[in-house]
Amino acid sequence: AQKVTQAQTEISVVEKEDVTLDCVYETRDTTYYLFWYKQPPSGELVFLIRRNSFDEQNEISGRYSWNFQKSTSSFNFTITASQVVDSAVYFCAFNQAGTALIFGKGTTLSVSS
Amino acid sequence: DTGVSQNPRHKITKRGQNVTFRCDPISEHNRLYWYRQTLGQGPEFLTYFQNEAQLEKSRLLSDRFSAERPKGSFSTLEIQRTEQGDSAMYLCASSLGGSRGFTEAFFGQGTRLTVV
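Residue numbers (my numbering), protein chains in the order written: chain A, 521 to 633; chain R, 2 to 117.
In structure tokens:
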């Protein structure tokens, strides 16, 4: 069965620090999709990034970057120069053919000024 | 508004009553998901549809829960004989998906259920 693990329950940093959120997944299939979502205090889940299993190229979007490594089944998310507005719960999610989209338990990021 | 819409936003009900929630997905999306989220937890999968077919239902889901998606458009989630443990945020999401891949899922704002 597929599984998504976010081992970090809570992380606290001070503004301008870099922070990496870890995500490890388990699957026996070769075709799958990985996602990151942000859930701010307002509650609505916001999509951040989608990556398919055949594309291991790392991606950067502003202060956000993602490191996908199939060798370690990891899809980690780094925020550079964190800001207070980055405070939220971040979820890693996994999807493949024939299954539902499943989520990790989330990592709560607190950024203080 | 072309996003995922859920109604009602809040529902307070007495234990033992039945409740029904509605989700209107993004119109071109063939997949529709229902999740439950409690405080401090990630979205817990309940069930999903591809078009009008219900493809998977969580083994954790009680028989008191039922979902439908007639004609592959909107969906309803019904909880019969509600219990206090059913109190949670119920989230609906939609996406495009199938043998050629999956797009990201877009979420509605959720229905917060409180069972008293």
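For glycine and all other residues, C-beta sits at the position ideal for the given N, C-alpha and C.
Residues of the segment 35-49 of chain R that bring their beta carbon within less than 7 Å of a beta carbon in chain A comprise Q42, G43, P44, F46, Y49, in sequence order.
Here L62(R) really is in contact with L47(R); their C-beta atoms are around 6 Å apart, less than 8 Å. For the 8 Å CB-CB criterion, G17(R) and R82(R) form a contact.
Non-local C-beta neighbours of H30(R) in its own chain, meaning closer than 6 Å and more than five positions away in sequence, comprise S95, S96, L97, ordered along the chain.
Between E564(A) and chain R, the shortest Cβ-Cβ separation is below 8 Å. Secondary structure in the segment 2-86 of chain R: the beta strand (DSSP E) runs of 3 residues or longer, each lying completely within the stretch, are 6-8, 11-14, 20-25, 32-38, 45-51, 54-58, 66-69, 76-80 in chain order. Closest in alpha carbon position to W586(A), among A527(A), S607(A), Y557(A), T529(A), is Y557(A).
Residue contact with chain R for Y553(A): present (Cβ-Cβ distance below 8 Å to some residue of chain R). The three-state reading of DSSP puts V117(R) in coil, since its state is none of H, G, I, E or B.
Approximately 16 Å separates the beta-carbon atoms of T525(A) and Q616(A); this is outside 8 Å, ruling out the contact.
Cβ-Cβ separation between V539(A) and L629(A): approximately 7 Å, consistent with a contact (criterion under 8 Å). Q603(A) and F597(A) have their C-alpha atoms some 15 Å from each other. Q528(A) has its alpha-carbon roughly 6 Å from the corresponding atom of T627(A). Here K590(A) carries a helix assignment [DSSP, helix/strand/coil]. Among the residues of chain R, those whose CB is under 9 Å from the CB of R570(A) are F103, T104, E105, following chain order. DSSP lists Y610(A) as the bridge partner or partners of T627(A).
Of the candidates S6(R), H11(R), Q7(R), H11(R) places its Cα closest to the Cα of T115(R). In the DSSP assignment, N572(A) falls within the beta strand (DSSP E) that extends over 566-572. Taking a contact as a CB-CB distance under 8 Å, the pair F75(R) and C24(R) counts as one, their CB atoms being some 6 Å apart. Partner residues in the beta bridge of K558(A), as assigned by DSSP, are V566(A), Y610(A).
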